[in-house]
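A.B. asks:
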């Protein structure tokens, strides 16, 4: 494909992903009350021991919060659509047999993304409560609703994306960019990066939440390494068999 054809293909994939997000945002607009109640639950816990309240500073702030929740829920609900469009754009160079693995990538990435978002939802209350513990007890916490919403939703989506990254490592292996040996060679950097990410994402007083998030991410990384090694072995055997067939003289 030429550069222009790639750009046309990218535009088509982005358009389909955008349609999916918009349709999901309609669902998010409807379920807004239940989602917002769950997200602001940590503030209600803090309010039991100190004066803490969410503040809607501007006239349009409540509408903006409603819209942001609808969009983020749309991204979450439409994840099967935009993840498939992403993989479909990245794998045109695969052979006919390897293209069948695209569905395996998609069906693996979707539950991992949702599981990561669920893990982010779990650690959010610990983070919010810890950060607010630095407020002196004699002072009040007037938290801007939009800032609070942006903080918790970005954290949830970041953890969800982090859970999907091992699938992209496997994808890069399948398209020939990274070998299993190369991925394994960087295991120290990978574990350090995961540890730093989880330490920042879960600054709890005890390391339980951090390890609870880091352990499955490290496990998924080594699963990606195992799949990459398996694919390298299969590809090597296929190449060796092809070379053998080409080197065998034909019988008249």
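Numbering (my numbering), first residue to last: 28 to 279. Every residue, glycine too, gets a C-beta built ideally from N, C-alpha and C.
1) List the whole-angstrom C-beta distance separating residue 55 from residue 99, where the pair is believed to meet the contact cut-off of C-beta under 8 Å.
2) Is DSSP giving residue 79 helix, strand or coil here?
3) Could you round the C-beta distance between residue 139 and residue 191 to whole angstroms and report it? I think they count as a contact, below 8 Å.
4) Return helix, strand or coil for residue 271, following the three-state DSSP convention.
5) Does the segment 210-226 come close enough to the segment 238-253 that 3 or more CB-CB pairs lie under 8 Å?
6) Under a three-way DSSP split, which group does residue 165 fall into?
7) In the structure shown, what three-state DSSP assignment does residue 170 receive?
8) CB-CB under 8 Å to residue 151, same chain, minus the five flanking residues each way: which ones, in chain order?
9) Using alpha carbons as the reference points, say which of 102, 217, 31 lies closest to residue 242.
10) Please state whether DSSP places residue 87 in a helix, a strand or coil.
11) Please classify residue 173: is it buried, with 16 or more other beta-carbons within 10 angstroms of its beta-carbon, or exposed?
12) Along the chain, where does the alpha helix (DSSP H) containing residue 205 start, and where does it finish?
13) Contact between the segment 92-110 and the segment 35-49: three or more CB pairs below 8 Å?
14) Please tell me whether residue 113 has its Cβ less than 8 Å away from any Cβ of chain C.
15) Within 10 angstroms of its Cβ, does residue 61 collect 16 or more other Cβ (buried), or is it exposed?
16) For residue 238, count neighbouring C-beta atoms within 10 Å of its own C-beta (all shown protein chains included) and say buried if the count is 16 or more, exposed if not.
17) Here's the rule: buried if 16 or more other CB atoms are within 10 angstroms of the residue's CB, otherwise exposed. What is residue 135?
18) Per DSSP, what kind of secondary structure is residue 106 in: helix, strand or coil?
19) Can you tell me where the alpha helix (DSSP H) with residue 58 in it begins and where it stops?
20) Once DSSP output is grouped into helix, strand and coil, what is the label at residue 215?
C.D. replies: Straight from the coordinates:
1) With a Cβ gap of about 7 Å, residue 55 and residue 99 count as contacting.
2) Per DSSP, reduced to three states, the secondary structure at residue 79 is strand.
3) The pair is a contact, with the Cβ atoms about 5 Å apart (cut-off 8 Å).
4) Reduced to three states, the DSSP call for residue 271 is helix.
5) In this structure the segment 238-253 touches the segment 210-226; the number of beta carbon pairs closer than 8 Å is three or more.
6) Secondary structure at residue 165: coil, using DSSP grouped into helix, strand and coil.
7) Reduced to three states, the DSSP call for residue 170 is strand.
8) Answer for residue 151: 66, 69, 179, 182, 183, listed in chain order.
9) Measuring C-alpha to C-alpha distances from residue 242 to each of 102, 217, 31 identifies 217 as the nearest.
10) The answer is coil: DSSP assigns residue 87 none of H, G, I, E or B.
11) Buried, because 16 or more other Cβ atoms sit within 10 Å of the Cβ of residue 173.
12) Unbroken run through residue 205: none, as it is neither H nor E.
13) By the Cβ criterion, the segment 92-110 is in contact with the segment 35-49, since at least three pairs of Cβ atoms, one from each stretch, lie closer than 8 Å.
14) Annotation note: the requested chain C is absent from the structure, which comprises a single protein chain.
15) Answer is exposed; the Cβ neighbour count stays below 16.
16) When all chains shown are included, residue 238 counts as exposed.
17) Under this definition residue 135 is a buried residue.
18) In the structure shown, residue 106 sits in a helix (DSSP, three-state: H, G or I).
19) Element bounds for residue 58: n/a, residue is neither H nor E.
20) Residue 215: helix per DSSP, three-state reduction.
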